[in-house]
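Here the structure comes first, spelled out in structure tokens, and everything after it is commentary.
Number of protein chains: 2
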Amino acid sequence: MRGQLGFGGELVEDPVPLERVRLPDPRLAVPPDLLDICSTSLRDRVTCSCGQAFRDVVRVMRGRVDHPTDVVARPRSEAEVARVLAWAADAGAAVVPHGGGTSVVGGIEPRNLPSRFAGVVTVDLRALNRVLEIDPVSGAARIQAGATGPQLEEQLRADGLSMRFYPQSFECATLGGWIATRAAGHFATGPTRIDDLVESVRAITPTGVWQSRRLPSSGAGPSPDRLLLGSEGTLGLITEAWVRVRPRPRCQALALVSFDDLDAGMYAVRDLAQSGLQPANCRLLDPPEAQRAVGGDGKSSVLLLGFESFDEPVGPRLRRALLRAGRHRARWDEADVSIDDSGAWDAPDQNPTSRSGAVRPRAAAAWRSAFLAMPYLRDLLLRVGVVAETLETAATWDRVRDLVAATKEAVSATAGLPCHVSLRITHAYPDGAAPYLTVLVPARHGDEVDQWDTIKAAATAAVLDTGGTVTHHHAVGRDHRAGYDAEQPGPFAIALRAAKAAVDPGGRLNPGALLDPTALPGRP
Amino acid sequence: MRGQLGFGGELVEDPVPLERVRLPDPRLAVPPDLLDICSTSLRDRVTCSCGQAFRDVVRVMRGRVDHPTDVVARPRSEAEVARVLAWAADAGAAVVPHGGGTSVVGGIEPRNLPSRFAGVVTVDLRALNRVLEIDPVSGAARIQAGATGPQLEEQLRADGLSMRFYPQSFECATLGGWIATRAAGHFATGPTRIDDLVESVRAITPTGVWQSRRLPSSGAGPSPDRLLLGSEGTLGLITEAWVRVRPRPRCQALALVSFDDLDAGMYAVRDLAQSGLQPANCRLLDPPEAQRAVGGDGKSSVLLLGFESFDEPVGPRLRRALLRAGRHRARWDEADVSIDDSGAWDAPDQNPTSRSGAVRPRAAAAWRSAFLAMPYLRDLLLRVGVVAETLETAATWDRVRDLVAATKEAVSATAGLPCHVSLRITHAYPDGAAPYLTVLVPARHGDEVDQWDTIKAAATAAVLDTGGTVTHHHAVGRDHRAGYDAEQPGPFAIALRAAKAAVDPGGRLNPGALLDPTALPGRP
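Protein chains in written order, with the working numbering: chain A, 5 to 528; chain B, 5 to 528.
See the structure below:
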């Protein structure tokens, strides 16, 4: 890495071991009837008090747990969820719902709570991890919210089904977390957001059970599911959902194509997104990203192009997509094209990012490894003194190019030199795209949190100034809240705060995430 | 018709002419500075006080305008919308937003208003009918809310673009009305709902301008657009929106296929909806519907199957779809298959339901005429003593068959004999479908409103009991409100009412539509 970056490795830091972390005593006493599902152990309190943002990783590496939760509850049933909520209300505690703990935006850290709370109960929902019911006729499954990606896929596989929803957090994150944060999966086009896969949601709220009907579509008023989607645990604890599933794909076509010019690659992605061909994968990597992920030459941009289906051949669609890319001066090697329309292709059991699985074009396989390894690599880089973090957004096509330029500029100007900012396009829509920037800068030892927060603030300002959204798929949490406040339509902000105050009158659910708890109606 | 139905035509009734309709004097005095955009004329008050439901048509035919609005305002700019709203607030009046006036659910009739209102101002937004801006790069257009289907398509056509959104209300309804009611277009699969075509919305609310960002997608909190979509004028007056547009299609493939067995047709529709082939049209007509619409033999069900695209060939997709339909014992005549992949096909300027347009298979052309003529035919049938009305819903595939049977049964049992109930599947999703029933019964002269309301109540109960939604694309309005109350998740109902009370503290906007005005927070 030092060869590529020109810095890093001067110091190799070891993480503070868990047993040396010191936490204040829990402020809450667990009642006897909840003792068997509640923990106040050091390990549980530490691991459930922060997510996977850079600012989390650097603090935990140093043994800093700034805002520890007091109790981690692990309900095994919806009834136990309700009992935990009732106790928290009695005890005057705040409640933080917890899925896989992969938030990169401070979504689960009980930071700066209003002082009226006597403490914090983190409700870890991962014991609710079963596929409860499958409707093979409609192609839908009722799944508990705490199931992780591998857990739910393993259970669906028995029926030859799959959600085909693979965010980078796939291994650890949970269905409930995806819904609460409006996660986006690996499909680059089409139904890439969890929003489109949700048929109905069930949540426990302080004012009762929120259960929507299973419906393929409805025109009855504003969609209730769309209000829970993105609510980030502030309206209720999601306990289960009916989601759309599909037969496991049996046909697959993949290609890696190169562009001398990043702009040409962007035109190709736009063309493909607007073509109606709906590639499952259509990710563009700029030269440094391509070099790191698929061993590119450091000068070419690379497009990962993939199609999959249950039993319709996809080879012809890939060939049409390649023709289109060719109009934008794409180059490719036939060794990097792989088509299996035999109907015998077996999608890997895990994340398509997995190292295992069927034979693939060599470079695509390399990319998948890199994609999976990235979050782990980030942690390692920190240990050798490199701040490595990502920025993501979405904008309409007319603004993407200016947005990327302005954001890169803001990051570089704030970070100073040396600073590496590279670009991927992770999702492509007919009317816009999701640019994703990776930032690598030398860490200011001991001051990394402030260092990154300053860069992040400058980047967010640039993104919002140039027409982007504060987040395409990382959610709002606590880290993006200022930007979110700026982005929301005024009357919508009023509506959402009123809805929150009515459904959760105690303001107890995940205070500080998504909404400023001091700005809720009826609270000083 | 009498030959087919066995009744009707005993009496042919003429509508009461407009000049014989009597209305009470308007309860509001228009201030001088709004005189040029406000009307209290008989014609305006009558035509803006009811929609196009059967209960509207029968009453208007008899000259009964039960709940007349007092003033019809026709703002020509957003500033004038704000001025009208300010006057209404000063005058203590309720405000009913008005688009094309095509509501079939009492969405625009100021029925049973709380007595605290001094009167009603209907705000007809149809003077705001321009395409303001086109972004050809992203494929999006900024369009004023009062533009009707033909108006906006005509303006988009100059740039070779189209929304390709064709509900049956296309000729009269407006973009703002479609958004407010979550309308669904003629695409049977894929982005059929206006929800998916909206990039951002702008509305004037009592608490300020609600303007969302133009974004292809975002993960920043619950979607603000999705709260306005379906709000039916209760949160604000939609003045404009950015919507996704596409190049006018140049390739088209159409076929009509028959099934001896309706169930086999349903299997075929499900198979096609789950195949990923995404037909633009995939509508199934049962034997009586097929007979009326495309001259079927009265025994076969007919599937209308169509594909379209800008420049990708669609013939191969139609052939694959026909292969799939063949597995379900579909039969077709090659004369009813038409493929034009030359790239020279020119989509008709108006509704694809238009009688004009390019050459099409004979039966498809007949269907399109029938589809367009249906709402007009309904009015004629009423004059000859036939109650002709439709019921629509959506449900997951596992429930569609039972739902249709139970609803038919409930209608027949309530209506008594003779009674004709026929079925179409208008929209198909991977996980479910939208059944659409047409009911024809002899009218009980003078009592038709009660007669239909009783049938409708029985049908709605059956739909909700068997897992359907109270409406797939007709909206809630006032007619579906009881069913909607039953369908909503409890805490969502609390959230929505709180949001409404916060954004519209006077409860002034379209009171009685969507929400019971007596059940809003802070109101007795």
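In this text, a Cβ means the ideal position worked out from N, Cα and C, and glycines have one as well. All values derive from a computational prediction rather than experimental measurement.
- If you draw a straight line from the Cα of residue 138/B to the Cα of residue 221/B, it comes to about 19 Å.
- The region 271–337 of chain B contains, as complete beta strand (DSSP E) runs of 3+ residues, the segments 285–289, 305–313 (chain order).
- Straight-line spacing of the CA atoms in residue 285/A and residue 427/A works out to 17 Å.
- DSSP places residue 416/B inside the alpha helix (DSSP H), whose first and last residues are 401–419.
- The alpha helix (DSSP H) runs of length 4 or more contained entirely in the region 75–132 of chain A are, from start to end of the chain, 82–95.
- By the rule that beta-carbons nearer than 9 Å mark a contact, residue 215/A touches chain B.
- With contacts defined as CB atoms closer than 9 Å, residue 336/A and residue 329/A qualify as a contacting pair.
- Look at residue 180/A here: in three-state DSSP terms it is helix.
- Counting C-beta pairs with one atom in each stretch, the region 171–182 of chain A and the region 260–278 of chain A have fewer than three that are closer than 8 Å, which means they do not touch.
- Counting every other CB atom within 10 Å of its CB across the protein chains shown gives residue 235/A a total of 16 or more, marking it as buried.
- 125/A is the residue among 464/A, 51/A, 125/A, 194/A whose C-alpha sits nearest the C-alpha of residue 30/A.
- For the C-beta of residue 401/B, the chain A residues within less than 7 Å are, from N- to C-terminus, 141, 142.
- Under the DSSP assignment, residue 215/B falls in the beta strand (DSSP E) whose first and last residues are 212–215.
- Closer than 9 Å to the CB of residue 51/B there is not a single CB belonging to chain A.
- Under the Cβ distance rule, residue 314/A counts among the residues neighbouring chain B, one pair being separated by less than 9 Å.
- As the crow flies, the alpha-carbon of residue 208/A is around 7 Å from that of residue 86/A.
- For residue 494/A, the enclosing alpha helix (DSSP H) stretches over residues 494–507.
- Put simply, the CB of residue 170/A is far from chain B, with every gap to its CB atoms at 9 Å or more.
- The beta-carbon separation of residue 149/A and residue 257/A, rounded to 34 Å, does not stay under the 8 Å limit for a contact.
- The beta-carbon of residue 199/B is placed less than 9 Å from the nearest beta-carbon of chain A.
- The beta-carbon separation of residue 151/B and residue 134/B, rounded to 7 Å, stays under the 8 Å limit for a contact.
- Separation of the CB atoms of residue 347/B and residue 315/B is rounded to 6 Å, and the pair is thereby assigned contact status at 8 Å.
- Check the Cα spacing between residue 452/A and each of 344/A, 50/A, 393/A: the tightest is with 393/A.
- Residue 456/A: not part of any beta strand (DSSP E); member of the alpha helix (DSSP H) spanning 452–469, first to last residue.
- Annotation: residue 206/A is outside any alpha helix (DSSP H); the continuous beta strand (DSSP E) that includes it extends over 202–209.
- Under the three-state reduction of DSSP output, residue 57/A falls in the coil class, being neither helix nor strand.
- For residue 329/B, there are no neighbours in chain A by C-beta distance under 9 Å, as the nearest C-beta there is about 14 Å away.
- The contact set of residue 288/B on chain A, defined by CB atoms closer than 8 Å, is empty, because the minimum CB distance reaches about 15 Å.
- The contact set of residue 429/B on chain A, defined by CB atoms closer than 8 Å, is empty, because the minimum CB distance reaches about 12 Å.
- Distance from the CA atom of residue 407/B to the CA atom of residue 520/B, rounded to whole angstroms, is 27 Å.
- What residue 505/B touches in chain A, judged by beta-carbon distance under 9 Å, is 502, 506, going in chain order.
- Look at residue 495/B: its C-beta is under 9 Å from a C-beta on chain A.
- Looking at the backbone, the Cα of residue 509/A and that of residue 210/A are separated by about 8 Å.
- Straight-line spacing of the CA atoms in residue 107/A and residue 387/A works out to 20 Å.
- Looking at the backbone, the Cα of residue 230/B and that of residue 468/A are separated by about 21 Å.
- Taken through DSSP and simplified to helix, strand or coil, residue 248/A comes out as strand.
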